[in-house]
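Asker:
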């Protein structure tokens, strides 16, 4: 019986394959966007975990110097001589013209058992690993990629993070020119009767890192992706909801007949559920496959973003992971269930003897529209409240969600209101407006989807545009020096600086050290007192004579990110050297890390081991090319060691563009999904509207006129939706810029609007609405009169 | 994992040449590739030769002590520093190809503890210095406490494992003794040999830190110094080594190098109470296992019959603890023994190659 | 004499309406034997269709018993009444109520399949008797009204029900077509030995059945 009932229900799709395709497509697209984003996130997280688990760093405590500088070898030896089981690691990057490589030098003789090294096979040459020139263990991908020149032999090994080489500490020491360990791994079990290690050293003990710095840094990026995935999924569900609703309305009579012929309600509900499960399984599988393709296509962009913005190394390759495939399918089922709940309830409540009259599904009553409007007002209030007093990224996203859902819920009321403002002249025009207003409830879900997609598009493009505008202006200010030079060593840098000094306006050494501030990675720079900085570095807030105070060496500047994250203000003391007052805060877009600037002399005093080997040259722009050539030819610097301003700028912009490429792609996809939602709804309505159109046709309106009217109506509704989406999108952009960005990245950007972008988006919205309306319109225009007269025959 | 392979590399050099070569590690062929090889009739220069010989592939400072607690309980202690060279060079940085491995053992009648440390020379984590004499790895060390005379005449040794520690003071009551021909000790019929001398006359006092608390101990100890580049022949897979202290004050060292088949290669040195020696070449000493014990999943001969017809010695050795298993990267049996028969006394037994 | 096929005993039914409860059936008792055909006539709103629905277990009376083959189905729950309906009752509607997405063959077999009583030979015979053999693969929208009603009759008869309930089966058909459809229905009912309760407002049609009952103001006038 169940089988027969199920076959009968399914026969509907066989007769209406278009509807089935729409339902499956909506579901597949929703699943695809969601699971694609999840796949990207899962891949990135797995990469962070792999990196964090390298050498068991996720399980082992570490000893570090509080300032992040390398540990004196003598301090290491002293700890060993006191009996403590600690193991040195020398970590650093080597950079070449084409690529860079992170060198992780370990001492296999002392690494604790928890520090699982790479898996090695029997052909591994241990003597070669320990002795000159050493071996670099790298993954196949790293070996295939661009690498610095003159590396020791590579050995391909599994389970090594990308762009990283594990090698013996002696090889690392030689390649990096650093004998002192960067940090020490501490074995979990220490020998008999030793006092706690913290009593034996002044070094700082850091607990095992369950999440790496990179994972923390990139959290906000992944949250952004997730939010996009969720938005797309929500928009996709509109389609599913519309398609399921349409199918329900069309099968209302069938269900009634089945029940009259003796099929229990329970059997019908079960058959409906089974049918939806089958569809969800098919569409979900397609969606997961599509999601994989989307993710694989976006992955190189994501990898590029993560590398450019955060220095996080992940491979641009997507691995298939059954867990997200399964979770993708699961979310398809949940989404289908959510979209179908209304239909199931209606089916259950449908009286057996009610006339099988098709009604416009989801025909929200005036009361429903009012309720939605109240809910919208409440959500706007919530959004405003969150914007004013909310704290943290979650609150910022909650504010976004409240704003968007509120706008969607308020849409029908606003549309109805807008239409009631129109005072049409003539009976026909009156009918058109009235008919349009009547259509709003049926179209509202699709229009909501369109509104969300448009608002998201406006919001995100405003944010990206504002960012780009500010960032480019900031780069212009910041990149003032004509040439940037990297010498092979600090000694050669010093010699070069001396030789060049008479021929150029100024030489500004660039020296920086990595350190930890507030238990997060940070950088500190030492700068010379020079007008270049005084004039070009925009300070967001500053003490009087900030640059003078900095020059005396007893003050620091910190970047906006650090000041916002740690709530630092001008005048606060920061834990650098013996504690220095902050005299200024500067903007530092694109940098996820905290940063501080101190005077060059103070820097060299604090970090005697770090000598500048990079410097910037101020020279008249006309002389710059000649000097660059001279540096290369006369001093034999490799071509990439001398870069001009334009190159640095180009590189920075490339990183920036990369960052937002993925966002842009997701944006377009979401808009596409909204277009399909609109199409589905229009198709749904097209059939249901025949009884309303037939009398108008009968009293003397041509089919062509009716069809043209339908098209015009779609475009008009899309226009209205766009007009409403505009303020919502701008509000969204404001939230993104003032709340999300500050929370996620640590900088605040001035908002700029780009009306020309709106025009193109408006055109796109009209195109989507036009395309969606095209099919139903053409069908109406070509509809045989018999089909229209049938309406009267079927009326009772 | 690097660590395991590395330990294999270091350890297979002295003990397990065959399997090492079978694995075909490059740079460690049967030939001693640039390493020095021992030659007959050596002349030792002290204290220089107490120190490391980086041009030889393998070397050790190997101390075993038979000890007694205040209640008459017997204990055994082992302290060893191995040196293995990847190339016959050295330097003062991470690149030094001189690798060190420390083993510490402590045996009681019902427990056996072992610990291991690895480290490289060149940076100060492990090594051996001559002035003053100090062999060390991490906090484990063997330090000379003499102001005049041979540097090895008085020593302190310390070591610490996860469950135990010890701190012993040693004073020699006799001279250094040289095995084989003046310290040139032949290991096979094909001529493999090492430089080998000992200080077998230590009196010991000190303290053992056991899980149950500290124990004051006294007793005797024996220090072996040996270095070579290729001590075993291709076919030899392990050895059984005895150090014996007779009740009359005499000492004896005996070993058998065994391979899979055939008769073991035996050798030994009789040491009179005054330190005069007599060397015995292959065949003069016979070593016969009497019974075996299941240790760490393998059968190990733990009671032995040792016969030296030339000296009318026919004794049976019994271990203090048959489970004296050194659970180190390269495991072996090492523990104190007592013997009865024509003679009586205490000693130490080491057995390798029982896989 | 054996028990009647259908025994309606003192049925009462009211429907709520905007102007208060409307008493549609007010103590109706009626019996129908196997092989009998009974025409139920009455004015619009006289409760004919309600009585038919109650007889088929599509609805429940406020009081009284609906005894079908000795079983009171008025007190059964929804799924038990559904079981009775699909196995023992054949329904024929004025609107035909065919499933538009199933072809004629599948529509004819639908109830028999739901009831687990599908007999391909019998169904084929029915289709042949009703002149549908040529159109089994067509869809309902491609058929005329008379053809659709013949499909509905075949569907109702295919599970070999004991009771056929027909609600204005010719109401949507022209007179000539209606007559021929009714002739087929009566022939088949007599061949299968089922009982037929047919609601009509046409005295002319009612005369063709073996008995006739007239409903007026909720009560039966025999």
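Protein chains in written order, with this note's numbering: chain A, 7 to 802; chain B, 40 to 394; chain C, 283 to 504. Just so it is clear, CB atoms sit at the ideal spot from N, CA and C, and this is done for glycine as well. Remember, predicted model here, so these are calculated numbers, not experimental data.
At which residue ranges does the stretch 432-509 of chain A contain complete alpha helix (DSSP H) runs of 4 or more residues, listed in the order of the chain?
Answerer: 433-484 and 496-506
Asker: Inspect the CB distances between the stretch 85-96 of chain B and the stretch 170-178 of chain B and report whether three or more fall short of 8 Å.
Answerer: yes
Asker: At a CB distance below 7 Å, what residues from the stretch 89-102 of chain A approach chain B? Give them in sequence order.
Answerer: Taking 7 Å as the Cβ-Cβ cut-off against chain B, the residues of the stretch 89-102 of chain A that qualify are 89.
Asker: Ignore the nearest five residues each way along the sequence and tell me which others in residue 753 (chain A)'s own chain have a CB closer than 8 Å to its CB.
Answerer: 566, 567, 570, 593, 594, 595 and 747
Asker: Got a sec: is the Cβ-Cβ distance from residue 143 (chain B) to anything in chain A below 8 Å?
Answerer: no
Asker: Please list the terminal residues of the continuous alpha helix (DSSP H) segment that includes residue 100 (chain A).
Answerer: First-last for residue 100 (chain A): 92-101, but that is the beta strand (DSSP E), not the alpha helix (DSSP H).
Asker: Provide the residue span of the beta strand (DSSP E) that contains residue 650 (chain A), from first to last.
Answerer: 648-650
Asker: Within the continuous beta strand (DSSP E) that includes residue 392 (chain C), where are the two ends?
Answerer: Looking at the DSSP string, residue 392 (chain C) is not in any beta strand (DSSP E); the run it does join, the alpha helix (DSSP H), is 386-397.
Asker: Would the stretch 370-384 of chain B and the stretch 339-356 of chain B be scored as touching if the rule is three or more Cβ pairs under 8 Å?
Answerer: yes
Asker: If you scan the stretch 285-359 of chain A from start to end, which runs of the alpha helix (DSSP H) of 4 or more residues do you find wholly inside it?
Answerer: 328-355
Asker: Spatial neighbours of residue 190 (chain B) within its chain, please: CB distance less than 6 Å, with the 5 preceding and 5 following residues excluded, ordered by chain position.
Answerer: 86, 89, 172 and 183
Asker: Based on the DSSP output, what are the partners of residue 565 (chain A) in its beta bridges?
Answerer: According to the DSSP secondary-structure assignment, residue 565 (chain A) is paired through a beta bridge with A:592.
Asker: Please state the DSSP three-state secondary structure of residue 183 (chain B).
Answerer: strand
Asker: Is the Cβ-Cβ distance between residue 591 (chain A) and residue 545 (chain A) less than 8 Å?
Answerer: Contact flag set, yes.
Asker: What span of residues does the beta strand (DSSP E) with residue 616 (chain A) cover, start to end?
Answerer: Segment: none, residue 616 (chain A) is in no beta strand (DSSP E) and carries neither H nor E.
Asker: Residues in the stretch 325-357 of chain A with C-beta within 7 Å of chain C's C-beta atoms, listed in sequence order?
Answerer: none
Asker: Kindly indicate if chain A contains any beta-carbon less than 8 Å away from that of residue 203 (chain B).
Answerer: Yes, contact with chain A.
Asker: Against chain B, does residue 176 (chain A) count as a neighbour if the rule is that its beta carbon must be under 8 Å from one of theirs?
Answerer: yes
Asker: Tell me the rounded alpha-carbon separation between residue 305 (chain B) and residue 109 (chain B).
Answerer: 37 Å
Asker: With 7 Å as the C-beta to C-beta threshold (strictly closer), list the residues of the stretch 117-135 of chain B near chain A in chain order.
Answerer: 125, 126, 132, 133 and 134
Asker: In whole angstroms, what separates the C-alpha of residue 297 (chain A) from that of residue 307 (chain A)?
Answerer: 15 Å
Asker: Are three or more beta carbon pairs between the stretch 387-396 of chain C and the stretch 260-269 of chain A nearer than 8 Å?
Answerer: yes
Asker: Residue 381 (chain C) CB to nearest chain A CB: under 8 Å?
Answerer: yes
Asker: Examine the Cβ distances between the stretch 408-416 of chain C and the stretch 8-27 of chain A and report whether three or more of them are shorter than 8 Å.
Answerer: no
Asker: Starting from the beta carbon of residue 845 (chain A), find every residue of chain C whose beta carbon is closer than 9 Å, and list them in chain order.
Answerer: The structure shown does not extend to residue 845 (chain A), since chain A spans only 7 to 802, so no value can be given for it.
Asker: Look up residue 268 (chain B) in the DSSP assignment and say whether it is helix, strand or coil.
Answerer: Judged by DSSP in its simplified three-state form, residue 268 (chain B) adopts coil rather than helix or strand.
Asker: Can you give the Cα-Cα distance for residue 69 (chain B) and residue 275 (chain B), rounded to whole angstroms?
Answerer: In this prediction, residue 69 (chain B) scores a pLDDT of 43, lower than 50, which makes its location untrustworthy; no coordinate-derived value is stated.
Asker: Between which residues of its own chain and residue 171 (chain A) is the CB-CB distance below 6 Å, once the five residues before and five after are set aside?
Answerer: 107, 109, 142 and 144
Asker: Apart from the five residues just before and just after residue 89 (chain A), which ones in its own chain have a Cβ nearer than 6 Å to its Cβ?
Answerer: Exclusion of the five residues before and after residue 89 (chain A) leaves 197 and 200 as the residues of its chain whose Cβ lies within less than 6 Å of its Cβ.
Asker: If you follow the alpha helix (DSSP H) that residue 175 (chain A) is part of, which residue opens it and which one closes it?
Answerer: 175-182
Asker: What's the gap between the Cα of residue 7 (chain A) and the Cα of residue 484 (chain C)?
Answerer: 37 Å
Asker: Roughly how many angstroms lie between the CA atoms of residue 467 (chain A) and residue 758 (chain A), to the nearest whole one?
Answerer: 10 Å
Asker: Considering only C-alpha positions, which residue in the set B:97, B:84 and B:238 is nearest to residue 75 (chain B)?
Answerer: B:97
Asker: Using a Cβ-Cβ cut-off of 8 Å, state whether residue 337 (chain C) counts as contacting chain A.
Answerer: no
Asker: Relative to the C-alpha of residue 158 (chain A), which residue among A:168, A:147, A:273 and A:137 is closest?
Answerer: A:137
Asker: CB-CB under 6 Å to residue 210 (chain A), same chain, minus the five flanking residues each way: which ones, in chain order?
Answerer: Around residue 210 (chain A), the same chain offers 70 and 72 as residues with beta carbons nearer than 6 Å, after the five sequence neighbours per side are excluded.
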